[in-house]
Amino acid sequence: GQAEDERESQGAAASPAGSTQGGGVRPGGFGSGFGSGSAGFTPTAVSPDTLSEPSTPKQPSTYLPPSRSAGAGGPTKALKLGSKHREWDTFADQLKQEGETIASSTSAKSASSSAAARNIPQPAAVEAVSLNVEEKVTLTALRDGGLQNLEVHGLVTLRITDEQYGRIKLIFENHDDKGVQIQTHPNIDKELFKSAQQVALKNPAKPFPINSDVGVLKWRFQTQDEKMVPLSINCWVSEAGGNNCDVNIEYELEQEQLELNNVVISIPLSSHGSGSVVVNECDGDYHHDSRRGVLEWQLPLIDASNKSGSMEFSAPGRPNDFYPVQVQFVSKTLYCDMRVVNVVSVDDESPVKHSLNTYLIVDKYEVI
Numbered sequence: 080g081q082a083e084d085e086r087e088s089q090g091a092a093a094s095p096a097g098s099t100q101g102g103g104v105r106p107g108g109f110g111s112g113f114g115s116g117s118a119g120f121t122p123t124a125v126s127p128d129t130l131s132e133p134s135t136p137k138q139p140s141t142y143l144p145p146s147r148s149a150g151a152g153g154p155t156k157a158l159k160l161g162s163k164h165r166e167w168d169t170f171a172d173q174l175k176q177e178g179e180t181i182a183s184s185t186s187a188k189s190a191s192s193s194a195a196a197r198n199i200p201q202p203a204a205v206e207a208v209s210l211n212v213e214e215k216v217t218l219t220a221l222r223d224g225g226l227q228n229l230e231v232h233g234l235v236t237l238r239i240t241d242e243q244y245g246r247i248k249l250i251f252e253n254h255d256d257k258g259v260q261i262q263t264h265p266n267i268d269k270e271l272f273k274s275a276q277q278v279a280l281k282n283p284a285k286p287f288p289i290n291s292d293v294g295v296l297k298w299r300f301q302t303q304d305e306k307m308v309p310l311s312i313n314c315w316v317s318e319a320g321g322n323n324c325d326v327n328i329e330y331e332l333e334q335e336q337l338e339l340n341n342v343v344i345s346i347p348l349s350s351h352g353s354g355s356v357v358v359n360e361c362d363g364d365y366h367h368d369s370r371r372g373v374l375e376w377q378l379p380l381i382d383a384s385n386k387s388g389s390m391e392f393s394a395p396g397r398p399n400d401f402y403p404v405q406v407q408f409v410s411k412t413l414y415c416d417m418r419v420v421n422v423v424s425v426d427d428e429s430p431v432k433h434s435l436n437t438y439l440i441v442d443k444y445e446v447i
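Mapped onto the working numbering, the consecutive letters of the sequence shown carry residue numbers 80 to 447.
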């Protein structure tokens, strides 16, 4: 959308220095201010609500809805890469103001958040040190085969609510084999991350800002290789006479490390014609939303043990009426294999208790 484009353009001026370049990835797209979301990527806040897990979950979990920040789309007070003379205290105050601005304007986009994105997994308890690891996937595939674009943005956000834990390091494991472009925030020690996969401030004597959502690390992956799609959708539409069509649609999980929850595959229906929608076969459940003019195919869980399924239905319309097919899901496993494995004190490397929330959500996922 326009707000996403504005955020992309705001972030594009930052240098991609220190990033790991991957094939087909264009440089830039990363903002330089701790408090401002960038590269079209807004940290997702959460508020209480629950939704039951699919059957036999591996561990208890509560799903909570996000309200996407509107603050990142507006003016930011990002620290310029070259401004070495600015005092850290001033910057920390600035970050706090930005954080408050973002927190106070989280409701603006909540009404438009997707059904799947309203069910983000959330830890049962939030500690004084909390980490949010969020990926958003954007995908456009072609109905006759081929991938127009797949893009994944990752963002690690740190929030500290007790100043005694301000001087910490985040320990990562990076098992990426896709060629992801990684960027640390300019105030983070880039060389330490490259050599030891640790995220810490360049000046270890300084603490992280308190009571602010601080973006410390981002990654970005882009490809047109259809073997890399998380979930493939194959849709066949054939005319059946009498202004009716038969539709066969199937899915297959292509990245088997993923566990996709609350999957909804939405097929638009024609507003013309008087015939009814008849579902002949369906793995999972379906819902005909006549008000919105869509047939929703609902699957509570797609994983390696339940990786494919199909649905067949007939409905009035012409073949072109059944596109674009849109997909929503949420996953507690990430597309890119980046993990926060520990948080430790800068002084003695002792472990620091922390909460960690990791999830993948859909920004846009469609077959056109």
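C-beta: ideal position from N, C-alpha, C; glycine also. Only a predicted model underlies this, so the values are computations on that prediction, with no experimental measurement involved.
Let me know if residue i comes out buried or exposed under the rule of 16 or more other beta-carbons within 10 Å of its beta-carbon.
i      : result
His264 : buried
Trp376 : buried
Trp315 : exposed
Gln336 : exposed
His232 : buried
Gln405 : buried
Could you give the distance in angstroms between the alpha-carbon of residue i and the alpha-carbon of residue j?
i      : j      : result
Cys361 : Met390 : 4 Å
Pro398 : Gly225 : 19 Å
Ser311 : Leu218 : 10 Å
Ser317 : Ala394 : 11 Å
Cys415 : Phe272 : 17 Å
Met417 : Arg371 : 38 Å
Asn421 : Asn340 : 26 Å
Leu348 : Tyr438 : 31 Å
Asp382 : Lys411 : 12 Å
Ile440 : Leu234 : 12 Å
Asn253 : His351 : 51 Å
Arg238 : Ser291 : 6 Å
Phe199 : Val419 : Looking at the sequence shown, residue 199 is not Phe but Ile. If you take the alpha carbons of Ile199 and Val419, they lie about 18 Å apart.
Phe392 : Lys306 : 28 Å
Asn385 : Lys269 : 41 Å
Phe236 : Asp223 : A small fix is needed here, since residue 236 is Thr in this sequence, not Phe. Between Thr236 and Asp223, the C-alpha separation is close to 39 Å.
Leu287 : Val259 : Before going further, note that residue 287 is Phe rather than Leu in the sequence given. Straight-line Cα distance between these residues: approximately 26 Å.
Asp255 : Ile289 : 31 Å
Lys257 : Val373 : 35 Å
Gln262 : Val356 : 49 Å
Pro396 : Gln301 : It should be noted that the sequence gives Gly, not Pro, for residue 396. Approximately 35 Å between the Cα atoms of the pair.
Gln276 : Leu413 : 18 Å
Gln407 : Leu210 : 24 Å
Based on Cα-Cα distance, which residue from the options lies nearest to residue i?
i      : options                           : result
Val358 : Pro379, Cys324 and Ser350         : Cys324
Asp427 : Ala319, Arg238 and Arg246         : Arg246
Pro379 : Arg371, Gly388, Val373 and Gly372 : Gly388
Arg299 : Glu214, Ser434 and Phe392         : Glu214
Lys443 : Val216, Ser345 and Asp256         : Val216
Gly321 : Gly354, Glu305, Val212 and Val293 : Gly354
His433 : Asp223, Asp241 and Ile199         : Asp241
Val409 : Glu338, Val356 and Asn436         : Glu338
Tell me which same chain residues have a C-beta within less than 6 Å of the C-beta of residue i, skipping the five on either side of it?
i      : result
Pro283 : Val425
His366 : Glu375
Gln303 : Leu226
Ile328 : Cys314 and Met390
Excluding the 5 residues flanking residue i on each side, which residues of the same chain have their C-beta closer than 8 Å to its C-beta?
i      : result
Ile267 : Val278, Ala279, Leu280, Lys281, Val295 and Leu296
Val423 : Ile247, Lys248, Ile250, Ser429, Pro430 and Val431
Pro403 : Pro347, Glu445, Val446 and Ile447
Glu333 : Lys306, Met307, Val308, Pro309, Leu310 and Ser311
Our contact map puts residue i next to residue j with C-beta atoms below 8 Å; I'd like the distance itself, whole angstroms only.
i      : j      : result
Leu229 : Val308 : 6 Å
Ile346 : Tyr330 : That pair is no contact at about 12 Å.
Val212 : Asn436 : 7 Å
Val326 : Phe401 : 6 Å
Might you give, ordered along the chain, the residues of its own chain that have their beta carbon closer than 7 Å to the beta carbon of residue i, omitting 5 neighbours on each side?
i      : result
Asp368 : Glu375
Gly363 : Trp376, Gln377, Leu378 and Gly388
Tyr244 : Ala207, Val208 and Val431
Ser274 : none
Ala204 : Ser434
Ala319 : Asp325 and Ser393
Return yes when the C-beta of residue i is under 6 Å from any heavy atom of the ligand ZN, and no when it is not.
i      : result
Glu252 : Looking for the ligand ZN in the displayed structure turns up nothing, as the structure carries no ligands at all.
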